[in-house]
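For reference, the structure is listed below as C-alpha cells.
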Amino acid sequence: MEALLLLGRSNIFASQVVYPLVARNVSQAESACVNYMVEAIAESGSPVKSQQIGEPELTLGERRQELLRQYSSRPLVFLERYHAWLKPQDLPAFAHVCSDPRVQHYSKVIERRAAACTNRTMVRNHRYAALRALQRGTGYFSEEQMRMREPLLYEQYIGQYLTDEEVSARCVFTLNLQDSPGLAHLLLNSYQEQLIQNRLQEEQEREEGAQEEDEDEEDDVITGEFITQMHQRFLDGKDKDFNYSEVDENPDYDNLDIVSRDAEDKYFDDDEEDEEDDEDMAE
558 MEALLLLGRS NIFASQVVYP LVARNVSQAE SACVNYMVEA IAESGSPVKS QQIGEPELTL
618 GERRQELLRQ YSSRPLVFLE RYHAWLKPQD LPAFAHVCSD PRVQHYSKVI ERRAAACTNR
678 TMVRNHRYAA LRALQRGTGY FSEEQMRMRE PLLYEQYIGQ YLTDEEVSAR CVFTLNLQDS
738 PGLAHLLLNS YQEQLIQNRL QEEQEREEGA QEEDEDEEDD VITGEFITQM HQRFLDGKDK
798 DFNYSEVDEN PDYDNLDIVS RDAEDKYFDD DEEDEEDDED MAE
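Heads up: take any position in the sequence shown, counting from 1, add 557, and you land on this note's numbering.
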C-alpha cells in the first residue's frame with residue numbers, strides 16, 4: 558500500500574515539527590529503509606551540520622531531523638556526503654534517483670566495500686579453522702617450531718628466563734639423533750640452530766636500532782602469552798613461510814568445526830569499522 562512519506566513525524570524526535578520531506582508516493586518498505594539508514598548515521602557520530610564553537614551538540618533526535626531534511630531535499634548530496642556509512646541494504650532509498658551516474662558510482666563503491674568486508678570475514682574464519690587444525694595435527698605450534706619462526710619473540714617471552722639446565726636440555730633435544738641417525742641429520746640440526754641464532758641476532762640489532770629505552774618490562778611473562786602472540790601472528794598473515802593462499806582460498810575450511818564462537822571472538826575482537834577499505838575516500 559502506497560503511503561505519503563512524512564518523515565520527521567515520529568514521536569522519537571525531540572521536536573514534534575512535521576516535515577513533509579518527500580513530496581512523492583513511497584512504499585512502506587522504502588520508508589522503513591530510509592528510517593533505518595538515517596538512524597544508523599545519526600548514531601554513528603558523523604557530523605551532520607556545521608556548528609559554531611560553543612554551540613551545544615545536537616541531540617540524537619535533532620540529528621535524525623537534520624538528516625531526514627537533507628535526504629528529502631537533496632538525496633544526491635546526501636549520498637555523496639554519507640556514503641561511507643551506508644550499506645547495500647540502504648540503496649533502495651535512492652531508487653527514485655538511480656538513473657543519475659553519481660548514484661550508480663556510489664552504489665558500486667558501497668557494494669564493493671561490503672564485499673571486501675565479507676571476504677575479510679571469510680579469510681579470518683578460514684585461518685582460525687586452519688589454526689585449530691594445526692594445533693591438533695602437527696607440530697607447527699610446538700615450542701621449537703615457534704622458536705625457529707620467531708627467535709626474538711621467543712627470547713623475549715621464554716628464552717631469557719630459561720635456566721642453564723633448560724638451555725642444555727633444549728640443545729640436546731635439538732641435536733637428538735634418535736629418530737634420524739647419521740651425520741647428515743646432525744649437520745642439518747646444527748645448521749638449523751645456526752639459522753635461528755643468526756635470525757635472532759639480526760632481529761635484536763633491528764630492535765636495538767628502533768628502540769633505545771624499553772627495558773622496564775616485567776619479568777613475569779608466561780609461556781601462554783608467547784603462544785597467544787604466535788597464534789595472532791598466524792591469523793594476521795605474518796608467518797612469512799606459510800602459504801596462506803592454501804587456507805584463505807580453500808572452501809574445505811568453510812565446514813570445519815571452529816569449536817565455539819567465544820573462542821573465535823578471543824582472536825577477532827578488533828573493530829570492524831577500522832578494517833573498512835578507504836577506496837571510496839580516494840575516489
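Backbone N, C-alpha and C define an ideal beta-carbon position, used for all residues, glycine too.
If you draw a 10 Å sphere on the C-beta of CYS590, you find 16 or more other C-beta atoms in it, and that means buried.
Distances from the alpha-carbon of HIS662 to those of ILE715, PRO645, THR675, GLU596 put PRO645 closest.
Counting every other CB atom within 10 Å of its CB across the protein chains shown gives ASP647 a total of 16 or more, marking it as buried. Considering only PHE635, MET679, ALA597, the residue with the shortest C-alpha distance to GLY618 is ALA597. Selection GLN609, ALA599, VAL654 evaluated against ARG626 yields ALA599 as nearest (Cα-Cα).
ASP647 sits in a helix when the DSSP states are folded into three classes. Unbroken alpha helix (DSSP H) runs of no fewer than 4 residues, entirely contained in the region 640-698, are found at 658-694, following chain order. Secondary structure of PRO613 (DSSP, three-state): coil. In this structure GLN622 is buried. Its beta-carbon is surrounded by 16 or more other beta-carbon atoms within 10 angstroms. Listed in chain order, the non-local C-beta contacts of ALA687 below 7 angstroms within the same chain comprise VAL804, TYR810, local neighbours out to five positions each way being set aside.
Nearest in C-alpha terms to GLU587, of all of GLU612, GLY602, ILE610, SER629, is SER629.
Excluding residues up to 5 positions away in sequence, MET703 lie with their Cβ nearer than 6 angstroms to the Cβ of MET787 in the same chain. An exposed status is given to ILE610, since fewer than 16 other beta-carbon atoms sit within 10 Å of its beta-carbon.
Sixteen is the threshold: when 16 or more other Cβ atoms of the shown chains lie within 10 Å of the Cβ of GLU707, as they do, the residue is buried. Less than 9 angstroms divides the Cβ of PHE783 from the Cβ of TYR711. Boundaries of the alpha helix (DSSP H) around TYR714: 708-714.
Taken through DSSP and simplified to helix, strand or coil, LEU625 comes out as helix. In the three-state reduction of the DSSP assignment, LEU719 falls in the coil class, being assigned neither a helical nor a strand state.
One thing to note: LEU636 has its Cβ within 9 angstroms of the Cβ of ARG659.
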